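Engineer: Residue numbers (my numbering), protein chains in the order written: chain A, 19 to 377; chain B, 139 to 432; chain C, 285 to 633.
Attaching a single structure in structure tokens format; questions to follow.
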Amino acid sequence: MKNTSLNISIENVTKKYDEFYALKDISLDITSGEFMTLLGPSGSGKTTLLMVLAGFTNPDHGSVKFGDEEVILKPPHLRGIGMVFQNYALFPHMTVEQNVGYPQKLRGVSKSEIAKTVGEALSTVKLEGLGHRRVDELSGGQRQRVALARAIVFKPKILLMDEPLSALDKKLREEMQIELRQLHDTLNMTTVYVTHDQKEALTMSDRIAVINGGELMQLGSPSEIYDHPQNGFIADFIGESSLLPAKVTNSNISIGSSKIKVAKPPEKNGDYLLVVRPEKVFLASAKKKNDDNYFQGKLLDSIFQGESQLLVIELANTENDEQTLRIRIPNQSVTDKALPAIGETVTLGLKVADSYLVS
Amino acid sequence: MNSTSNTPNQEELRRLASREGYTFFGLTLPYLVLVIALIAIPVGWLFYLSFIGRDGTLSLENYERMWKSKAYIKIFITTFKISILTTIICAAIGYPLSYFMSQLSRKWANICMIAVLIPFWTSLLVRTYAWLVLLQKKGLINNILIESGLITEPLKFVHNTTGTLIGMVHIMLPFLILPLYANMRSIDKDCLKAASSLGATPTRAFWTVFLPLTLPGLLAGLLIVFVLCLGFYVTPAILGGGKVIMAAMKISTNIEMYFNWGAASALGVVLLVVTGIILFVASKLISLDQLGNR
Amino acid sequence: MKLGIKTAGLLAAAGLALSSASAFADELRIVSWGGAYQKGQSIGIFQPAAKAMGITVKEDTYGGISDVKLQVRSGADKFDIFSSGAGSCASGAAEGLLEKLDYSVIDVSNHLPGMYSDYCAGADIFSVVAAFNTDTFGENGPRSWADFYDVDKFPGTRAMRNRVDAQLETALLADGVPMDQVYDVLDSEEGIERALDKIRSIKPHIAVWWSSGAMHAQLMKDGEVDMTTGWNGRFDVAKEDGAKVSYDWRTGIMDWEGYGIPKGVKNKDLAMKYIAEMMKPEYMAEFAKYITYGPTNGKVYELGLMDDARARQMPSHPDNAQHQLTLKTAWYSKWRTYADEMYQEMMTE
């Protein structure tokens, strides 16, 4: 089941409700066959952008092209997209087969052809043999698969998904993330995926567009976005992180009394934030406590979390007395080395390569 | 501890459960008494009376009369004709209106709903006479039509089937709209979007998705309207001008003019049975529809 | 379901009535038809007569002889006296629902001939007439029943009653049957059929079958129909209100209204005395000031209790009465049920 796919080009799309900008001058190019995730908190405008692509929301101005074709004035039913909705939007009065066959029936496909393509689509989503079931007899995960089968049965060149996994429990959600990604690699259709779950975005996407307040804040691959967030909001939103206020004066960077060095020092003096990912911090010997990129603090809490141990540390020598840092140590090393006891003073290190400042 | 059972507290817990059962039964008791006193006994008496002839003995004459007399057959035809027409017109007006309301924001939908319900708070008699005033030969509507030059002779809006239908549709419309609107509100709007994204034109999406999903509400509404119409009395009596005679009016005549409780009861029984059959058939249809096995 | 509720309601009402306390010894309850008619009765007759006797009389409206039947058959006790048309009274008497009136207590010696029966003491006289719209016809409207049935000479919409009462007579009169033979002809199924056929011949022109006096008065007021059968008093009141309506006494079918007592009432003796009081001419004269229904008691005229101008408006005034057919209650007790069923069939056909 290999599809040809189309690139999507979004230019200057703006949508305003009264004084509120749902989308503010968004431009975004999605390459053919790409898995693009629109990531943002609720109310950020990511779903509005998806609805603009689908044709359910008309922007105030802007252009949307599928390939070379301008589609902004086309009604949804002529856009030829496959779409998966948050609550699946399956037709409750139809069986699984009828649901999946619906787009084919609309396209006037012959009965035998419908049976064949529906069968293929159902096997693609691993639902063979459930075609005669009623929708309300299915589990949440199965409904999700039916919705997916229905969206891909007519081999659309573009697939839009609006938080399709948000209603599933965590374990199933994580399984489906992998499956969806594999499916995308098989079908190769251009996929635009909306989610507020940063981990999901990191897991699945070729590229992520972080959207907040109706604006495109950062566009990049998952690792770019994770390692080099463009601002504090993204750093905070994507992945776990502690943000430590840092001062830059004439290329000298200080956090309280500690000095640090970073991979890319900023050119201007001023206040910045040091992004500290918990898994990048390591426990060091107390001897190093006065070296650059080393900090000292008191262990407040130590929490067993299965695959890792989470340590909450109150930093000494910072301007803010209450500044805490979370660090994560893989459980492998827990067995190797004795963990510090609560209340003990610990010394922490952060490699220069892992030290990253945002404004 | 219970000596007859080695499972702790089994007996006590069983008794607790049955006591709860009695309590719940007790809660339904006032209603049961009401049903028996006001429905079961009178309806039983109705059946009994319908088999009593004019001479006071058991007889089938009340039922024989119904299929032998041309007037009775005509009355049944009229009753069903008026009920069916009212139901169809209500659906034709109520369906688009309900759809419109279901698409509005909650606030505006509530305002519309109040407008729909206002007639409910007005006496049926008042509304019926209001139609009489509006529709008669020298009434407001005919006057406007004549003055505007659209017609030269007054149209016969009232004292006939037309007038009866206008009055009855006006009264019945809320009964259709209420269940239908609730049904439409409960439909996942994404279902229509899904249909559209999958390639359905708005018309196609309506026929293949929206209409089937609103069938339970529509059928419920149609049923309520139809059954209520079957027993209608005041509106056809006033707006029909004596030319639209429905079963309820005949029942009243049988009692008031002929003291013939038997004949009236038999008519009542036939209406009751017909209504029962319709409800039975419709309940099958609706539940099947909700199972999605169509 | 309407019927179920209605029946249940009647049964419940009957049940409650069984247990309700009966009236006080010096109190009577009387029921009539409401509207302008009962207003006249109340002011002119019911209350002055009660005052003269020093008793309390409570008034209510009722739905006709069927309510009397309900009270008698269910053993309820809701009213002591009712006001009713002679025909209905006769059919109620035929079913054994009424107390026989004691004419040693009630003085009808001065009543006009035929204006009382064993079960009903006549109180006022009214006529069913053919009223026409003077806007449509001027003063040259249908002045006989032959005219009313002549759709070529008098084109226009008609209304007739949705009950048989005083309607078949009009058909036979229109068909040329002499007044004194009308009830002879009607005294057979064939005769009734002849009358119904005559009505059938103008059925396409009958726009409305009216069900109450208020309704036929309104039909004429609004110009909804060009002519109708109906009660003279209602047309006179409508005319005073400005309605363009007129009628000719030659179409009159004179009938009378009276008082009856349902079987088994506790205050029977007091009710009898009260009816006797109400038969006095001064009350009837007073009542006739409110609606043009004439007194049954001849003394009203003899004593000059009514001025000549008003008297001439009454159906029972000799000048008017001489043209009219008098409704025969005996025919109604014999034929009414059958004739009305046939009449209903004719309407529904």
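Just so it is clear, CB atoms sit at the ideal spot from N, CA and C, and this is done for glycine as well.
Note that this is a predicted model, so its numbers are computed, not measured.
Inspect the beta-carbon positions of N249 (chain A) and P59 (chain A) and report whether they are closer than 8 angstroms.
Structural biologist: For the purposes of this step, residue 249 (chain A) is taken as residue 231 along the first sequence, with counting starting at 1. For the purposes of this step, residue 59 (chain A) is taken as residue 41 along the first sequence, with counting starting at 1. Going by C-beta atoms, N249 (chain A) is not nearer than 8 angstroms to P59 (chain A).
Engineer: Using the DSSP secondary-structure output, state which residues sit across from F313 (chain A) in a beta bridge.
Structural biologist: Position 295 of the first sequence holds residue 313 (chain A). Its beta-bridge partners are A:L366.
Engineer: How is V419 (chain B) classed by DSSP in three states: helix, strand or coil?
Structural biologist: In the second sequence, the residue the question calls residue 419 (chain B) occupies position 281. Three-state result, V419 (chain B): helix.
Engineer: Just reading off the alpha helix (DSSP H) that Y120 (chain A) is part of, what are its end residues?
Structural biologist: Taking the first sequence and counting its residues from 1, the one referred to as residue 120 (chain A) is at position 102. Y120 (chain A) -> alpha helix (DSSP H) spans 114-124.
Engineer: According to DSSP, simplified to helix, strand and coil, what is Y346 (chain C)?
Structural biologist: Translated into the one-based positions of the third sequence, residue 346 (chain C) becomes position 62. DSSP places Y346 (chain C) in coil when its eight states are reduced to three.
Engineer: Give the DSSP-derived three-state secondary structure of K652 (chain C) in the structure shown.
Structural biologist: The structure shown has nothing for residue 652 (chain C), since chain C only spans 285 to 633.
Engineer: Consult DSSP for M310 (chain B) and reduce its assignment to one of helix, strand or coil.
Structural biologist: In the second sequence, counting from the first residue as 1, residue 310 (chain B) sits at position 172. The answer is helix: DSSP assigns M310 (chain B) an H, G or I state.
Engineer: Taking the alpha-carbon positions, what's the E362 (chain A) to Q314 (chain A) distance?
Structural biologist: Here residue 362 (chain A) refers to the residue found at position 344 when the first sequence is read from its first residue. Here residue 314 (chain A) refers to the residue found at position 296 when the first sequence is read from its first residue. E362 (chain A) and Q314 (chain A): Cα-Cα distance of roughly 11 angstroms.
Engineer: To the nearest angstrom, how far is it from the Cα of G191 (chain B) to the Cα of I490 (chain C)?
Structural biologist: Translated into the one-based positions of the second sequence, residue 191 (chain B) becomes position 53. Translated into the one-based positions of the third sequence, residue 490 (chain C) becomes position 206. Rounded to whole angstroms, G191 (chain B) to I490 (chain C) spans 34 angstroms at the Cα level.
Engineer: If the cut is a Cβ gap below 8 angstroms, which residues of chain B does K353 (chain C) touch?
Structural biologist: Locating residue 353 (chain C) in the third sequence gives position 69, where the first residue counts as 1. By Cβ distance, chain B contributes F397.
Engineer: How many Å lie between A301 (chain C) and P332 (chain C) at the Cα?
Structural biologist: Walking along the third sequence from the start, residue 301 (chain C) turns up at place 17. Walking along the third sequence from the start, residue 332 (chain C) turns up at place 48. The predicted model places A301 (chain C) with a pLDDT of 39, which falls under 50 and marks its position as unreliable; any figure quoted below should be read in that light. The alpha-carbon atoms of A301 (chain C) and P332 (chain C) are separated by roughly 29 angstroms.
Engineer: Terminal residues of the continuous alpha helix (DSSP H) containing K323 (chain C)?
Structural biologist: Sequence index remark: in the third sequence, residue 323 (chain C) carries index 39 (1-based). Element bounds for K323 (chain C): 319-325.
Engineer: Give the interface partners of R101 (chain B) over in chain A, defined as CB-CB distance under 8 angstroms, in chain order.
Structural biologist: Residue coverage of chain B in this structure runs from 139 to 432, which leaves residue 101 (chain B) outside it and unanswerable.
Engineer: Short of 8 angstroms Cβ to Cβ, which residues in the region 139-154 of chain A face chain B?
Structural biologist: Listed by position along the chain: R152, V153, D154.
Engineer: Tell me which residue opens and which closes the alpha helix (DSSP H) that T75 (chain A) is part of.
Structural biologist: Locating residue 75 (chain A) in the first sequence gives position 57, where the first residue counts as 1. Careful: T75 (chain A) lies outside any alpha helix (DSSP H) and carries neither H nor E.
Engineer: Considering only C-alpha positions, which residue in the set A:D224, A:G232, A:F53, A:T267 is nearest to E242 (chain A)?
Structural biologist: Here residue 242 (chain A) corresponds to residue number 224 of the first sequence, with the count starting at 1. Ranking the options by Cα distance to E242 (chain A), first place goes to A:D224.
Engineer: Going by other Cβ atoms of all chains shown within 10 Å of its Cβ, with 16 needed for buried, is K275 (chain B) buried or exposed?
Structural biologist: One-based indexing of the second sequence puts residue 275 (chain B) at position 137. Under this definition K275 (chain B) is a buried residue.
Engineer: Check whether the region 174-182 of chain B and the region 594-605 of chain C are in contact - that is, three or more C-beta pairs closer than 8 angstroms.
Structural biologist: These segments do not touch.
Engineer: Given a cut-off of 8 angstroms, decide if I545 (chain C) and E311 (chain C) are closer than it, judged by their beta-carbon atoms.
Structural biologist: Indexing the third sequence from 1 puts residue 311 (chain C) at position 27. Indexing the third sequence from 1 puts residue 545 (chain C) at position 261. No. Outside cutoff.
Engineer: Compute the Euclidean distance between the alpha carbons of A334 (chain A) and K316 (chain A), then round it to the nearest angstrom.
Structural biologist: Working through the first sequence from its first residue, we reach residue 334 (chain A) at position 316. Working through the first sequence from its first residue, we reach residue 316 (chain A) at position 298. Going from the Cα of A334 (chain A) to the Cα of K316 (chain A) covers about 7 angstroms.
Engineer: Note down, in chain order, each residue of its chain lying with its Cβ closer than 7 angstroms to the Cβ of T49 (chain A), except the 5 sequence neighbours on either side.
Structural biologist: To locate residue 49 (chain A), count along the first sequence from 1; it is residue 31. Within the same chain, T49 (chain A) has close Cβ partners N25.
Engineer: Can you pull the chain C residues whose beta carbon is under 8 angstroms from the beta carbon of S207 (chain B), in chain order?
Structural biologist: By one-based count along the second sequence, residue 207 (chain B) stands at place 69. Those are E629, listed as they occur along chain C.
Engineer: Alpha carbon to alpha carbon, how far is I325 (chain B) from V363 (chain B)?
Structural biologist: What you label residue 325 (chain B) is simply residue 187 of the second sequence in a count that begins at 1. What you label residue 363 (chain B) is simply residue 225 of the second sequence in a count that begins at 1. Computed Cα separation, rounded: 23 angstroms.
Engineer: Answer with yes or no whether the minimum CB distance from G348 (chain C) to chain B is below 8 angstroms.
Structural biologist: As a working note, residue 348 (chain C) is residue 64 in the third sequence. G348 (chain C) counts as touching chain B.
Engineer: Let me know the secondary structure DSSP gives G238 (chain A) once reduced to three states.
Structural biologist: Your numbering for residue 238 (chain A) matches position 220 in the first sequence. Looking at G238 (chain A) - three-state DSSP - the assignment turns out to be strand.
Engineer: Quick check on Q465 (chain C): buried or exposed, where buried means 16 or more other Cβ atoms within 10 Å of its Cβ?
Structural biologist: Within the third sequence, numbered from 1, the residue matching residue 465 (chain C) stands at position 181. Q465 (chain C) should be labelled exposed.
Engineer: Between the Cα of A614 (chain C) and the Cα atoms of C:A405, C:Y321, C:A374, which residue gives the shortest distance?
Structural biologist: Position 330 of the third sequence holds residue 614 (chain C). When each option's Cα is compared against that of A614 (chain C), the closest is C:A374.
Engineer: So, does the region 32-44 of chain A touch the region 61-72 of chain A, judging by three or more C-beta pairs under 8 angstroms?
Structural biologist: A contact exists between the region 32-44 of chain A and the region 61-72 of chain A.
Engineer: Among B:V173, B:I213, B:K219, which has the Cα closest to the Cα of G380 (chain B)?
Structural biologist: Translated into the one-based positions of the second sequence, residue 380 (chain B) becomes position 242. If we check each option's Cα against that of G380 (chain B), B:I213 comes out closest.
Engineer: How close, in whole Å, do the beta carbons of V102 (chain A) and P174 (chain A) come, if the pair is a contact with beta carbons under 8 angstroms?
Structural biologist: Along the first sequence, read from residue 1 onward, the residue named residue 102 (chain A) stands at position 84. Along the first sequence, read from residue 1 onward, the residue named residue 174 (chain A) stands at position 156. About 11 angstroms; that fails the 8 angstroms criterion.
Engineer: Output the distance between the C-alpha atoms of I416 (chain B) and L366 (chain B), rounded to the nearest integer angstrom.
Structural biologist: The count along the second sequence starts at 1 and reaches residue 416 (chain B) at position 278. The count along the second sequence starts at 1 and reaches residue 366 (chain B) at position 228. Looking at the two C-alpha atoms, the distance is approximately 12 angstroms.
Engineer: Please check if any C-beta of chain B sits within less than 8 angstroms of the C-beta of D506 (chain C).
Structural biologist: Numbered from 1 along the third sequence, position 222 holds the residue referred to as residue 506 (chain C). Interface residue, yes.
Engineer: Check for me: the beta strand (DSSP E) holding I329 (chain C) runs from which residue to which?
Structural biologist: The sequence position of residue 329 (chain C) within the third sequence is 45, counting from 1. That residue, I329 (chain C), is in no beta strand (DSSP E); it is neither H nor E in DSSP.
Engineer: Taking 8 angstroms as the CB-CB limit, is L318 (chain B) close to chain A?
Structural biologist: For the purposes of this step, residue 318 (chain B) is taken as the residue at position 180 of the second sequence. It does not: the Cβ of L318 (chain B) has no partner Cβ on chain A nearer than 8 angstroms.
Engineer: According to DSSP, which residues form a beta bridge with W494 (chain C)?
Structural biologist: Reading the third sequence from its first residue, position 210 is the one you call residue 494 (chain C). DSSP lists C:R445 as partners of W494 (chain C).
Engineer: Which bits of chain A does S335 (chain B) rub up against, with CB to CB less than 7 angstroms?
Structural biologist: Position 197 of the second sequence holds residue 335 (chain B). Result: A72, P94, I99, M101.
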